[in-house]
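There are 2 protein chains.
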Amino acid sequence: MKAVTLGPAGTYSHRAARAVADDVEFRESVSAIVAAVADGEYERGVVPIENSIEGSVTETLDALSDNDVSVTQEIVTPIRHALLAQSGNFSTVASHSQALAQCRTYLEAEYPDVALEAVASTARGVERARNDPAVAGIGHPDNAGDDLEIVAEDIQDRQSNATRFFVVAPPSERSDAGGKSSVVVYPNANYPGLLLELLEAFAERNINLSRIESRPSGDRLGDYLFHIDFEAGLYEERAQEALADVEAIAEKGWVRRLGSYDTRHVLY
Amino acid sequence: MKAVTLGPAGTYSHRAARAVADDVEFRESVSAIVAAVADGEYERGVVPIENSIEGSVTETLDALSDNDVSVTQEIVTPIRHALLAQSGNFSTVASHSQALAQCRTYLEAEYPDVALEAVASTARGVERARNDPAVAGIGHPDNAGDDLEIVAEDIQDRQSNATRFFVVAPPSERSDAGGKSSVVVYPNANYPGLLLELLEAFAERNINLSRIESRPSGDRLGDYLFHIDFEAGLYEERAQEALADVEAIAEKGWVRRLGSYDTRHVLY
Numbered sequence: 001m002k003a004v005t006l007g008p009a010g011t012y013s014h015r016a017a018r019a020v021a022d023d024v025e026f027r028e029s030v031s032a033i034v035a036a037v038a039d040g041e042y043e044r045g046v047v048p049i050e051n052s053i054e055g056s057v058t059e060t061l062d063a064l065s066d067n068d069v070s071v072t073q074e075i076v077t078p079i080r081h082a083l084l085a086q087s088g089n090f091s092t093v094a095s096h097s098q099a100l101a102q103c104r105t106y107l108e109a110e111y112p113d114v115a116l117e118a119v120a121s122t123a124r125g126v127e128r129a130r131n132d133p134a135v136a137g138i139g140h141p142d143n144a145g146d147d148l149e150i151v152a153e154d155i156q157d158r159q160s161n162a163t164r165f166f167v168v169a170p171p172s173e174r175s176d177a178g179g180k181s182s183v184v185v186y187p188n189a190n191y192p193g194l195l196l197e198l199l200e201a202f203a204e205r206n207i208n209l210s211r212i213e214s215r216p217s218g219d220r221l222g223d224y225l226f227h228i229d230f231e232a233g234l235y236e237e238r239a240q241e242a243l244a245d246v247e248a249i250a251e252k253g254w255v256r257r258l259g260s261y262d263t264r265h266v267l268y
Numbered sequence: 001m002k003a004v005t006l007g008p009a010g011t012y013s014h015r016a017a018r019a020v021a022d023d024v025e026f027r028e029s030v031s032a033i034v035a036a037v038a039d040g041e042y043e044r045g046v047v048p049i050e051n052s053i054e055g056s057v058t059e060t061l062d063a064l065s066d067n068d069v070s071v072t073q074e075i076v077t078p079i080r081h082a083l084l085a086q087s088g089n090f091s092t093v094a095s096h097s098q099a100l101a102q103c104r105t106y107l108e109a110e111y112p113d114v115a116l117e118a119v120a121s122t123a124r125g126v127e128r129a130r131n132d133p134a135v136a137g138i139g140h141p142d143n144a145g146d147d148l149e150i151v152a153e154d155i156q157d158r159q160s161n162a163t164r165f166f167v168v169a170p171p172s173e174r175s176d177a178g179g180k181s182s183v184v185v186y187p188n189a190n191y192p193g194l195l196l197e198l199l200e201a202f203a204e205r206n207i208n209l210s211r212i213e214s215r216p217s218g219d220r221l222g223d224y225l226f227h228i229d230f231e232a233g234l235y236e237e238r239a240q241e242a243l244a245d246v247e248a249i250a251e252k253g254w255v256r257r258l259g260s261y262d263t264r265h266v267l268y
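Going down the list, the protein sequences come from chains A and B.
Under the UniProt record's numbering, the first residue of the first sequence is numbered 1, with each subsequent residue one higher.
Under the UniProt record's numbering, the first residue of the second sequence is numbered 1, with each subsequent residue one higher.
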C-alpha cells in the first residue's frame, strides 16, 4: 500500500500515515495530497482534519468538498508539547493562546518570570524561537530540528489533547460500514432555520452529530457549505432516511457522502 | 479616536479602520490588537472576522473569547482580485481554490493555457509569485509591492465577495442596540442534541442566526465553544429570553455577550 501525506519525515502526519501504509511519500500541501488521491496516483492519502488546539484544518475541509474522494478511516494521535528554544536562556514563550493555556501549570512552576506571548499558531511560535534566542516556542519534539534545543518534553497539563486525521481513498473505495460517517452539504440557500432543519434530520432519528463545521461556498459572504460528522454508518436505515431529508433541504445544491469509517488510535 | 489594526498601510484592515478613526496605528497580529484594546491602550481595534474566500479568521474568534472586549460595529468591504506576477509571462496561476474559481471566466478567456495550482491561501499564492517568475498570484492590487506587477485588476467573476470586520472596544462601551448581536457560548458539556438545543433557543423566538462557528476549547478533542451571530438587539426581550435559555444550557460553562451593532459598508 502506497500512501501520501505531509512531510517532512517525522511530522504527526507521517506518524499517522505509517499506521496505514509501509510506503509513504510526501507532498507539500493538503490540497496536493487530496488531488493526487482523486487522480489515482496514490491508494491512500493521510490528512489532518482537526486539532484540539488549532481547530479545523480548513484546507482539508475545502479539499474534501472540491475533490471526488472517499474517507475510509479516522486516526487519532495524542499531542505532545515540548519547550523548544535556542538555549535554556529565554525571556518569552511564544505560542498559540491555547497551547500556552495547556502548559500553564508547567510554565508557572518552572518559568514564573517569563513573558507569555500569544501568536497565531504553534508553528509561528517555533519560527519566532528559531529567529530569536530570547524566545521559546511550544511544539512536538521533532520540530526542534538542528537549530533548536528541546528544553523540556511533555509539558502539557493533561494528556487528552489530540489531532484527528482522515485517510482518503479513491471514490470507488467508499465504505458504508463503520461507526461514524462524514458528509458535505451545500444547501445553496439561506433562510431562517436552515441549519436547524439540517440538524433535526439527524436528531429525529436519534443520530448524534459529533461535529458540524461551516465553510464559505466562495460565492458570496454568508453562503456556506456544511461538513457534518455523525455517529452512524451510511448503510443504516436511519442514516439513509436522515440523508434523504438533507437532500430535500439541499435540493438547489448538493450532498456528498464521504463514507463511513472506524477510529484508530495511534499512540507513541 | 485612536484605533489599532493590522498593517502595513494599505491593507483591507487599514481601509476599514480609516472608516472609524482618523488616527490608525498598526500591530502585527489580531491577538495583539484585541489584547491592546482590552488593556485600554486603544479606544478601538479593527479585526477581520470572516472572508468569503478564506472563511472565518480563527485567530479573531479565539481572541474574542480570550479577552474582555465588546464589539461595537461590523464593517463589510468588497474583495477586489488582481492578477499579480513578476511579468505578464507566467505559466501557472497559484491561489486558494475558491479565488481560482472566482476568477475562472477571466482566466479561461485570457489565459486558456496556464496551469491552475490550488494552494492554502491567496497570500501563499502571491508569495509563490514573488519567488518564481513563472507563477502569478491573485490578491488585492496593494499586495503587489515593489517586486510584482499588476497584470490585471478586478478579474473576479462577480462583485459580491467581501470581507467582514469587527470593531472592538473596551467592555464598558458594549452596546445593546443595533440590528445584530454576537455572543460566545462555552457549554462545557457534550451530549446528543446539545447544538440543536442551542439553536432552538433562538428559533423558538423567531430569531434568525446569521452564523454559527465552533472552535476547540483547547481542553480536549471534540470539546467546542460556539460563536453565534444573530439578527436581534441584546435589548430585545426575545433576545434576552433566548440568552436565558442558552445560559441554562451552558450552566457548567459560560456565555459572553460581545454586544449589538449595525453594519457599515465601506466601498472603494
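Don't be surprised by glycine CBs; every beta carbon is placed ideally from N, CA and C.
Can you say whether residue i is buried or exposed, counting buried as having 16 or more other CB atoms within 10 angstroms of its CB?
i, result
"A/SER13", "buried"
"A/GLU237", "exposed"
"A/LEU6", "buried"
"A/ARG44", "buried"
"B/TYR261", "buried"
"B/GLY40", "exposed"
"B/GLY88", "exposed"
"A/GLU108", "exposed"
"B/PRO8", "exposed"
"B/ALA244", "exposed"
Under the three-state reduction of DSSP, which class applies to residue i: helix, strand or coil?
i, result
"B/ILE150", "strand"
"A/ILE228", "strand"
"A/GLY179", "coil"
"A/ARG44", "strand"
"B/ALA85", "strand"
"A/PRO141", "helix"
"A/PRO78", "strand"
"A/ASN131", "helix"
"A/GLY55", "strand"
"B/LEU258", "strand"
"A/GLU108", "helix"
"A/ARG220", "coil"
"B/GLU236", "coil"
"B/SER65", "helix"
"A/VAL126", "helix"
"A/TYR191", "coil"
"A/THR11", "coil"
"B/ALA136", "strand"
By Cβ distance, which residues of its chain are closer than 7 Å to residue i, with the 5 residues on each side in sequence left out?
i, result
"B/ARG205", "ARG238, GLU241 and ALA242"
"A/LEU83", "ALA136, ILE138, VAL151, ALA152 and ILE155"
"A/VAL185", "LEU198, LEU225, PHE226, ILE228, VAL246, ALA250 and VAL255"
"B/SER217", "TYR186, ASP223, TYR224 and LEU225"
"A/SER121", "GLU54 and HIS96"
"A/ASP176", "GLY233, LEU234, TYR235 and SER260"
"B/PRO192", "none"
In the DSSP output, what is residue i paired with across the bridge?
i, result
"A/LEU116", "A/VAL93"
"B/PHE26", "B/THR5"
"A/VAL34", "In DSSP, A/VAL34 forms no bridge with anything."
"B/ILE207", "According to DSSP, B/ILE207 bridges with nothing at all."
"A/PHE166", "A/VAL47 and A/GLU74"
"A/ILE249", "Its beta-bridge partners do not exist; DSSP assigns none."
"A/SER172", "Beta-bridge pairing links A/SER172 to no other residue."
With a CB to CB cut of under 6 Å and the five nearest residues on each side skipped, what residues in its chain are close to residue i?
i, result
"A/ASP23", "LYS2"
"B/PRO133", "GLN86"
"A/TYR106", "ILE155"
"residue 281 of chain A", "Here chain A has residues from 1 to 268 only, and residue 281 of chain A is not among them."
"B/SER182", "VAL71, ASP229 and LEU258"
Hey, residue i and residue j: beta-carbon distance below 7 Å or not?
i, j, result
"B/ALA35", "B/TYR42", "no"
"A/LEU61", "A/ARG215", "yes"
"B/GLU28", "B/VAL4", "no"
"A/SER97", "B/ASP219", "no"
"B/THR92", "B/ALA115", "yes"
"A/PRO171", "A/SER52", "no"
"residue 269 of chain A", "A/ALA99", "The structure shown does not extend to residue 269 of chain A, since chain A is modelled only from 1 to 268, so the question has no answer here."
"B/GLY253", "B/ASN190", "no"
"B/VAL20", "B/VAL167", "yes"
"B/LEU196", "A/ALA203", "yes"
"A/GLN102", "A/ASP142", "no"
Identify, in the order they occur along the chain, each residue of the same chain with its Cβ nearer than 8 Å to the Cβ of residue i, setting aside the five sequence neighbours on each side.
i, result
"A/VAL76", "ALA162, THR163, ARG164, PHE165, THR263, ARG264, HIS265 and VAL266"
"A/ALA144", "ALA82, LEU84 and ILE150"
"A/TYR111", "VAL93"
"A/GLU50", "SER56, VAL57, THR163, ARG164 and ARG211"
Looking at residue i and the ligand ZN, is the gap between the Cβ and the nearest heavy atom below 6 Å?
i, result
"A/ARG80", "Of ligands this structure carries none, so the ligand ZN is not represented either."
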